[in-house]
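Student: Here's a structure for you.
2 protein chains.
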Amino acid sequence: MKQAKTAITPTRLEDYPEWYQQVIKAADLAEHSPVRGCMVIKPWGYALWENIQRVLDKMFKDTGHKNAYFPLFIPKSFLEKEAQHVEGFAKECAVVTHHRLQAGADGKLVPAGELEEPLVVRPTSETIIGAMFAQWVQSYRDLPLLINQWANVVRWEMRTRLFLRTAEFLWQEGHTAHSTLEEAMEETEKMLHVYSTFAQDYMAMPVIMGEKTESERFPGAEKTYCIEAMMQDRKALQAGTSHFLGQNFSKASEIKFLDSTGKEEYAWTTSWGVSTRLIGGLIMTHGDDDGLIVPPRLAPSHIVILPIMHGDDSDTPVFDFCGELAKELKAVMYDGRPIEVEVDKREGRGGDKVWSWIKKGIPIYLEIGKRDIESDSVFVGRRDKSRKERFGMPRGEFLSKVSEILEDIQNNLFERAKTFRDSNIKKIDTKEEFYKFFTPANKDKPEVHGGFALCHWNGKSGVEEQVKKDLNVTIRCIPLDGEPESGKCVISGEDSVRRVIFAKSY
Amino acid sequence: MKQAKTAITPTRLEDYPEWYQQVIKAADLAEHSPVRGCMVIKPWGYALWENIQRVLDKMFKDTGHKNAYFPLFIPKSFLEKEAQHVEGFAKECAVVTHHRLQAGADGKLVPAGELEEPLVVRPTSETIIGAMFAQWVQSYRDLPLLINQWANVVRWEMRTRLFLRTAEFLWQEGHTAHSTLEEAMEETEKMLHVYSTFAQDYMAMPVIMGEKTESERFPGAEKTYCIEAMMQDRKALQAGTSHFLGQNFSKASEIKFLDSTGKEEYAWTTSWGVSTRLIGGLIMTHGDDDGLIVPPRLAPSHIVILPIMHGDDSDTPVFDFCGELAKELKAVMYDGRPIEVEVDKREGRGGDKVWSWIKKGIPIYLEIGKRDIESDSVFVGRRDKSRKERFGMPRGEFLSKVSEILEDIQNNLFERAKTFRDSNIKKIDTKEEFYKFFTPANKDKPEVHGGFALCHWNGKSGVEEQVKKDLNVTIRCIPLDGEPESGKCVISGEDSVRRVIFAKSY
Numbered sequence: 478m479k480q481a482k483t484a485i486t487p488t489r490l491e492d493y494p495e496w497y498q499q500v501i502k503a504a505d506l507a508e509h510s511p512v513r514g515c516m517v518i519k520p521w522g523y524a525l526w527e528n529i530q531r532v533l534d535k536m537f538k539d540t541g542h543k544n545a546y547f548p549l550f551i552p553k554s555f556l557e558k559e560a561q562h563v564e565g566f567a568k569e570c571a572v573v574t575h576h577r578l579q580a581g582a583d584g585k586l587v588p589a590g591e592l593e594e595p596l597v598v599r600p601t602s603e604t605i606i607g608a609m610f611a612q613w614v615q616s617y618r619d620l621p622l623l624i625n626q627w628a629n630v631v632r633w634e635m636r637t638r639l640f641l642r643t644a645e646f647l648w649q650e651g652h653t654a655h656s657t658l659e660e661a662m663e664e665t666e667k668m669l670h671v672y673s674t675f676a677q678d679y680m681a682m683p684v685i686m687g688e689k690t691e692s693e694r695f696p697g698a699e700k701t702y703c704i705e706a707m708m709q710d711r712k713a714l715q716a717g718t719s720h721f722l723g724q725n726f727s728k729a730s731e732i733k734f735l736d737s738t739g740k741e742e743y744a745w746t747t748s749w750g751v752s753t754r755l756i757g758g759l760i761m762t763h764g765d766d767d768g769l770i771v772p773p774r775l776a777p778s779h780i781v782i783l784p785i786m787h788g789d790d791s792d793t794p795v796f797d798f799c800g801e802l803a804k805e806l807k808a809v810m811y812d813g814r815p816i817e818v819e820v821d822k823r824e825g826r827g828g829d830k831v832w833s834w835i836k837k838g839i840p841i842y843l844e845i846g847k848r849d850i851e852s853d854s855v856f857v858g859r860r861d862k863s864r865k866e867r868f869g870m871p872r873g874e875f876l877s878k879v880s881e882i883l884e885d886i887q888n889n890l891f892e893r894a895k896t897f898r899d900s901n902i903k904k905i906d907t908k909e910e911f912y913k914f915f916t917p918a919n920k921d922k923p924e925v926h927g928g929f930a931l932c933h934w935n936g937k938s939g940v941e942e943q944v945k946k947d948l949n950v951t952i953r954c955i956p957l958d959g960e961p962e963s964g965k966c967v968i969s970g971e972d973s974v975r976r977v978i979f980a981k982s983y
Numbered sequence: 478m479k480q481a482k483t484a485i486t487p488t489r490l491e492d493y494p495e496w497y498q499q500v501i502k503a504a505d506l507a508e509h510s511p512v513r514g515c516m517v518i519k520p521w522g523y524a525l526w527e528n529i530q531r532v533l534d535k536m537f538k539d540t541g542h543k544n545a546y547f548p549l550f551i552p553k554s555f556l557e558k559e560a561q562h563v564e565g566f567a568k569e570c571a572v573v574t575h576h577r578l579q580a581g582a583d584g585k586l587v588p589a590g591e592l593e594e595p596l597v598v599r600p601t602s603e604t605i606i607g608a609m610f611a612q613w614v615q616s617y618r619d620l621p622l623l624i625n626q627w628a629n630v631v632r633w634e635m636r637t638r639l640f641l642r643t644a645e646f647l648w649q650e651g652h653t654a655h656s657t658l659e660e661a662m663e664e665t666e667k668m669l670h671v672y673s674t675f676a677q678d679y680m681a682m683p684v685i686m687g688e689k690t691e692s693e694r695f696p697g698a699e700k701t702y703c704i705e706a707m708m709q710d711r712k713a714l715q716a717g718t719s720h721f722l723g724q725n726f727s728k729a730s731e732i733k734f735l736d737s738t739g740k741e742e743y744a745w746t747t748s749w750g751v752s753t754r755l756i757g758g759l760i761m762t763h764g765d766d767d768g769l770i771v772p773p774r775l776a777p778s779h780i781v782i783l784p785i786m787h788g789d790d791s792d793t794p795v796f797d798f799c800g801e802l803a804k805e806l807k808a809v810m811y812d813g814r815p816i817e818v819e820v821d822k823r824e825g826r827g828g829d830k831v832w833s834w835i836k837k838g839i840p841i842y843l844e845i846g847k848r849d850i851e852s853d854s855v856f857v858g859r860r861d862k863s864r865k866e867r868f869g870m871p872r873g874e875f876l877s878k879v880s881e882i883l884e885d886i887q888n889n890l891f892e893r894a895k896t897f898r899d900s901n902i903k904k905i906d907t908k909e910e911f912y913k914f915f916t917p918a919n920k921d922k923p924e925v926h927g928g929f930a931l932c933h934w935n936g937k938s939g940v941e942e943q944v945k946k947d948l949n950v951t952i953r954c955i956p957l958d959g960e961p962e963s964g965k966c967v968i969s970g971e972d973s974v975r976r977v978i979f980a981k982s983y
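The listed protein sequences correspond, in order, to chains A and B.
Start counting the first sequence at 478; every next residue gets the next number (our numbering).
Start counting the second sequence at 478; every next residue gets the next number (our numbering).
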């Protein structure tokens, strides 16, 4: 058994980006496909996404939203209706120009049947959904319109990284229309809070809610709100965004309604989304040098039972005991669903099998041998603790406490991540310290730097440009819970009324 | 209230294709989008699809399959690997040729960044999934590989019809690899039976399982099995297919493994799928001249409660009673999930509101007024029966019987559809009768014809071509439960060993 070394090579400290790739491989979450920039999400990774979907979908429905489905393709002219929007997405979109393949002069297949108007594979759906909303909304009685879509989208990224940045990714996009500015703002904030609750309570990933500065806004939005999380390399991950679109898209798509006084008005719209990028966030929040750690509330399987096998008749009572135990565990509820249990009877070395599950991040692993059966007990490993901390427990006691143990793991992961994050947020008030904070001490490890800097800012994009150029640092957000506080901009020395978060980011 | 007339104009008898469009509109299921051939699935239609997904997904998982996700795009060269496959799909595929838009000479945006190799938007994923399987499979220990994908696919159809034939549609595609021919055949048949069970037990849609003739096979398959249902215009709808792909795709994609003796072999593969087309089948199996009828097991909502409103203080006790009733109903389980209930307090004429729900096909509608409250009873309408058959029932009794009533509706829908289908299947043994059976009596109603003809066939494609040309009739399938029976081909008079199903089809 690999006890001296770590299961993942390199470790986080040795090479964080490579560690990330290796965890994905070791946990069998996803891999690159032969199609440039597109990933294949493998069963364990997809099951994580299904659990994310299950929980979020319920939260969306509980807040009054309904799912619908809109076309994959967006006519070029639709994208062009909102000037900033098309500027933001034109550079990175897959363009469909033909509708068949036919044999060319040399007998090889070439595109044929040119389209009158090119179609863009949706990078996001404001414009096509806007066109439908314009048909659906006539009167204030038709509002609010609260729609969500689960879909694939394509943004042609040049440099891709599994889950974090891929040409095609899976996401949900909420799109709503309202009769007043206030109601649309309330929706924008409500969904931001839904994302925050999901991130913290299910992903066990602490996040900071805030507003983006103008330079980081969604193309076409009036205001963009976000949740930002700190990864273990102290870089920020934007984990979800909620946009107040004002009347920009309703004017572009002609979403008009008669208000209660009979006056024609443009609707106020919002959009909000999270994607498979969340899985990248989950990996980098909780993973350790032995691989992935999955928060129990999102775990595809909560518990694996590993019978200690000898390949002879003596295995039978062990299998029987494990089978019975699995049945009993499956009857226990955790977080509103029955506990998911695997019994791993595969051939192969016991140590390799245990480690394969550790690398997959399963919350609890039980190694069961003859002696456990004799004492009617189980030998419990918790993924959030070290192998040395495994403990024996009478079977009955384990059954009655298993939900509690899972919830303890869930809470422990959150607390651990929060402690790490909080200890790497620093209030910085001088330019010198700011530059030092973000300059790696070791040139070989450019990724190791300070963390989040909570600083005063003059509100001008010049400062943003400067720190981006010098340090590759951006303002991640203006935190919603920040108290007004007068001070001087950390870079320019000009007046400032509140602190913002500066960080390197994914 | 529209009691004399039907809620849908035209009726099924007057104009079946137009009736179909009008039912979709009246039930607010879907509509055409501004993107050629692509539909928008609206909340009530999408909720049907979600329920279809929920049930099928469980059936797939219970038979050992895991979900995964593969790229939307397929390189042209992948499609070309299997000769029949590319021939089948090249004529109708969306081709991505560029990866950005940029301003042309006149300032308008034009496609730019031409791809080295065109990408096809997946019409189906055998080739891209095959490429991944080739990497994942090394030894017989890696088999069987049992994967399913829920995805959107694109087939550039020239003539489209909502749900039945659209350029983009939603589906699931199962893809499996096995070490032996027998096991792959067993899988092909197993999934066909899963589809049949789903269609009959959940959609309440009777189906015939059978094998397709060579001319109707999936491009690249060795054998294609299908479930065929009869719509109310007596045309056939292919509702699901399961393909035995032999070693065709494993040879094209190099899916090879070492068997237990160390010999290298090509894997045997299968694929199987159903799509949003099922919703078209549901509409045309159960819908009547008042609109959609949704089988309770797939209903987005089972029951709507309609308080009889006067727009004054007298509404309060009615709302209270209805709210309490809704809460009680939601605590009742039906088919493994809590009953879904809507309380419709919208303004507007009571009659219009009832009819809006009838058109949506909700299984049970309750109209509740002051007198019902006084007698502590409910006034029940069943969507599978006429308005005249509404009945009162003490509230307590209704609560204890509601699951039973829902299941009775489910069974009634199935029996009704089965009786209709069976009464329109005819054994035909002469060419004259065959032509008469499929020739509309009334030229103005070309869709009204005989139904399914169960006939002897010589096994040759010449007969298929002839009846397709003369009558637009094809062999829908060679039924799996057909008994061997010697006879003479109904068209050619040549020897035949069993009957097949001829029909017009969607």
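Yeah, the Cβ is synthetic: ideal placement off N, Cα and C, and Gly gets one too.
As the structure is a computational prediction, the values presented were derived from the model and not from experiment.
DSSP puts GLN626 (chain B) in a beta bridge; with which residues?
Tutor: Against the second sequence, residue 626 (chain B) aligns to sequence position 149. GLN626 (chain B) is bridged by DSSP to B:GLU650.
Student: Would you identify the three-state DSSP class for TRP749 (chain B), choosing helix, strand or coil?
Tutor: Looking up residue 749 (chain B) in the second sequence gives position 272. Note: TRP749 (chain B) maps to strand in three-state DSSP.
Student: Note down, one range per segment and in chain order, each beta strand (DSSP E) of at least 3 residues found wholly within the region 575-640 of chain B.
Tutor: 586-598, 622-631
Student: Quick check: is the beta carbon of SER602 (chain A) nearer than 8 Å to any beta carbon in chain B?
Tutor: Start at 1 with the first residue of the first sequence, and residue 602 (chain A) comes out as number 125. Taking Cβ atoms only, chain B never reaches closer than 8 Å to SER602 (chain A), which makes this a no.
Student: Do you know how far the Cα of HIS787 (chain B) is from the Cα of PHE796 (chain B)?
Tutor: On the second sequence, residue 796 (chain B) is found 319 positions in, with the first residue counted as 1. On the second sequence, residue 787 (chain B) is found 310 positions in, with the first residue counted as 1. If I take the Cα positions, the gap works out to 11 Å.
Student: Report the residues of the region 567-582 of chain B with a CB closer than 9 Å to any CB of chain A, ordered along the chain.
Tutor: ALA567, LYS568, GLU569, CYS570, ALA571, VAL572, VAL573, THR574, HIS575, HIS576, ARG577, LEU578, GLN579, ALA580
Student: If you measure from the beta carbon of TYR983 (chain B) to each beta carbon in chain A, is any gap under 8 Å?
Tutor: Within the second sequence, the letter at position 506 stands for residue 983 (chain B). Output row for TYR983 (chain B): interface = no.
Student: Check distances from the C-beta atoms of the region 508-519 of chain B to those of chain A and list, in chain order, the residues that come in under 7 Å.
Tutor: SER510, PRO511, VAL512, CYS515, VAL517, ILE518, LYS519
Student: Can you name the residues that DSSP bridges to LYS543 (chain A)?
Tutor: Residue mapping note: residue 543 (chain A) aligns to position 66 of the first sequence, counting from 1. Its beta-bridge partners are A:ILE624.
Student: By alpha-carbon positions, which one of A:SER982, A:LYS558, A:CYS954, A:ARG577 ends up nearest to MET635 (chain B)?
Tutor: As a working mapping, residue 635 (chain B) is identified with position 158 in the second sequence. Minimum Cα distance to MET635 (chain B) is reached at A:ARG577.
Student: So, at 8 Å on beta carbons, what are the nonlocal neighbours of GLN709 (chain B) in its own chain, with the 5 sequence-adjacent residues on each side left out?
Tutor: Here residue 709 (chain B) refers to the residue found at position 232 when the second sequence is read from its first residue. Within the same chain, GLN709 (chain B) has close Cβ partners ARG489, TYR493, MET761, THR762, GLY764, PHE897.
Student: Flag this pair as touching only if the region 681-692 of chain B and the region 944-957 of chain B have three or more C-beta atom pairs under 8 Å; answer yes or no.
Tutor: yes
Student: Cβ atoms of PRO548 (chain B) and CYS570 (chain B): under 8 Å apart, would you say?
Tutor: Counted from its first residue, the second sequence places residue 570 (chain B) at position 93. Counted from its first residue, the second sequence places residue 548 (chain B) at position 71. No, the pair does not count as a contact, with Cβ atoms beyond the cut-off.
Student: Assuming ALA676 (chain A) contacts PHE721 (chain A) (C-beta within less than 8 Å), just tell me the rounded distance between them.
Tutor: Taking the first sequence and counting its residues from 1, one reaches residue 676 (chain A) at position 199. Taking the first sequence and counting its residues from 1, one reaches residue 721 (chain A) at position 244. Going by Cβ atoms, the distance from ALA676 (chain A) to PHE721 (chain A) rounds to 20 Å, so no, they are not a contact pair.
Student: Any idea what DSSP makes of ASP906 (chain B), helix, strand or coil?
Tutor: In the second sequence, counting from the first residue as 1, residue 906 (chain B) sits at position 429. Three-state DSSP puts ASP906 (chain B) in coil, outside helix and strand.
Student: Which same chain residues, not among the five before or five after LYS849 (chain B), have their C-beta less than 7 Å away from its C-beta?
Tutor: The count along the second sequence starts at 1 and reaches residue 849 (chain B) at position 372. Looking at the sequence provided, one finds Asp at residue 849 (chain B) rather than Lys. In the same chain as ASP849 (chain B), and ignoring 5 residues on each side of it, the C-beta atoms closer than 7 Å to its own belong to VAL855, PHE856, in chain order.
Student: Report, in whole angstroms, the separation of the C-beta atoms of PRO683 (chain B) and LYS895 (chain B), which I expect to be a contact under 8 Å.
Tutor: Translated into the one-based positions of the second sequence, residue 683 (chain B) becomes position 206. Translated into the one-based positions of the second sequence, residue 895 (chain B) becomes position 418. With a beta-carbon spacing of about 4 Å, PRO683 (chain B) and LYS895 (chain B) fall inside the 8 Å limit used to define contacts.
Student: Within its chain, find whatever has a CB closer than 8 Å to the CB of LYS878 (chain B); leave out the 5 residues flanking it on each side and keep chain order.
Tutor: Numbered from 1 along the second sequence, position 401 holds the residue referred to as residue 878 (chain B). Once the five neighbours on either side are set aside, the close Cβ partners of LYS878 (chain B) are MET870.
Student: Looking at C-alpha atoms only, which residue of A:LYS482, A:GLN530, A:GLU593, A:GLU491 is the closest neighbour of ARG513 (chain B)?
Tutor: In the second sequence, residue 513 (chain B) corresponds to position 36, counting from 1. Of the listed residues, the one whose Cα sits closest to ARG513 (chain B) is A:GLU593.
Student: In this structure, how does DSSP classify GLY565 (chain B) when only helix, strand and coil are distinguished?
Tutor: In the second sequence, the residue the question calls residue 565 (chain B) occupies position 88. Helix.
Student: If we call anything under 8 Å between Cβ atoms a contact, is VAL948 (chain A) one with LYS904 (chain A)?
Tutor: Within the first sequence, numbered from 1, the residue matching residue 948 (chain A) stands at position 471. Within the first sequence, numbered from 1, the residue matching residue 904 (chain A) stands at position 427. Reading the sequence as shown, one finds Leu at residue 948 (chain A) and not Val. No, the pair does not count as a contact, with Cβ atoms beyond the cut-off.
Student: Going along chain A, which residues have a C-beta under 7 Å from PRO696 (chain B)?
Tutor: What you label residue 696 (chain B) is simply residue 219 of the second sequence in a count that begins at 1. Within chain A, no residue comes near PRO696 (chain B); the closest Cβ sits about 14 Å away, beyond 7 Å.
Student: Would you check if the region 495-511 of chain B and the region 965-983 of chain A touch, i.e. whether three or more CB-CB distances between them fall below 8 Å?
Tutor: no
Student: Please check the pair SER656 (chain A) and ALA744 (chain A), which I expect to be a contact at CB under 8 Å, by giving their CB distance rounded to whole angstroms.
Tutor: By one-based count along the first sequence, residue 656 (chain A) stands at place 179. By one-based count along the first sequence, residue 744 (chain A) stands at place 267. Right, the Cβ-Cβ distance comes to about 7 Å (below 8 Å), so this counts as a contact.
Student: With a threshold of 8 Å between beta-carbons, can PHE547 (chain B) be considered close to chain A, or not?
Tutor: Counted from its first residue, the second sequence places residue 547 (chain B) at position 70. So, interface residue.
Student: What number of angstroms, rounded off, separates the C-alpha of MET516 (chain B) from the C-alpha of THR637 (chain B)?
Tutor: Here residue 516 (chain B) refers to the residue found at position 39 of the second sequence. Here residue 637 (chain B) refers to the residue found at position 160 of the second sequence. A straight-line Cα-Cα distance of about 9 Å links MET516 (chain B) and THR637 (chain B).
Student: Where in the region 872-901 of chain B do unbroken runs of the alpha helix (DSSP H), each at least 4 residues long, occur, reported from the N-terminal end onward?
Tutor: 872-900
Student: If you measure beta-carbon to beta-carbon, which residues of the region 619-636 of chain B are closer than 8 Å to chain A?
Tutor: ILE624, ALA628, ASN629, VAL631, TRP633
Student: Do the region 927-946 of chain A and the region 974-982 of chain A make contact, defined as three or more Cβ pairs closer than 8 Å?
Tutor: Taking one beta carbon from each stretch, the region 927-946 of chain A and the region 974-982 of chain A have 3 or more pairs nearer than 8 Å; the two touch.
Student: What do you get for ARG711 (chain B), buried or exposed, if any count of 16 or more other CB atoms within 10 angstroms of its CB means buried?
Tutor: Residue 711 (chain B) sits at position 234 when you count from the first residue of the second sequence. Classification of ARG711 (chain B): buried, given that the 10 Å Cβ count is 16 or more.
Student: In chain order, what residues of the same chain have a beta carbon less than 8 Å from the beta carbon of ILE519 (chain B), not counting five sequence neighbours either side?
Tutor: On the second sequence, position 42 is the one that residue 519 (chain B) refers to. Inspection of the sequence shows that residue 519 (chain B) is occupied by Lys rather than by Ile. Hits under 8 Å: ASP505, LEU506, ALA507, GLU508.
Student: Out of B:VAL974, B:PRO917, B:ILE882, B:ILE485, which has the shortest C-alpha to C-alpha gap to VAL950 (chain B)?
Tutor: Reading the second sequence from its first residue, position 473 is the one you call residue 950 (chain B). With distances taken between Cα atoms, VAL950 (chain B) lies closest to B:PRO917.
Student: Would a check of beta-carbon distances place MET478 (chain B) closer than 8 Å to chain A?
Tutor: Here residue 478 (chain B) corresponds to residue number 1 of the second sequence, with the count starting at 1. Unreliable positioning characterises MET478 (chain B) in this predicted model, as indicated by a pLDDT of 44, which lies under 50. A coordinate reading is not provided.
Student: For PRO784 (chain B), list the residues DSSP reports as bridge partners.
Tutor: The count along the second sequence starts at 1 and reaches residue 784 (chain B) at position 307. Beta-bridge pairing links PRO784 (chain B) to B:ILE845.
Student: If I measure Cβ to Cβ from VAL831 (chain A) and keep anything under 7 Å in the same chain, skipping five residues before and after, which residues do I get?
Tutor: Indexing the first sequence from 1 puts residue 831 (chain A) at position 354. Within the same chain, VAL831 (chain A) has close Cβ partners LEU783, TYR842, GLU844.
Student: To which residues does DSSP link GLU819 (chain B) through a beta bridge?
Tutor: If you number the second sequence from 1, residue 819 (chain B) lands on position 342. Its beta-bridge partners are B:VAL781.
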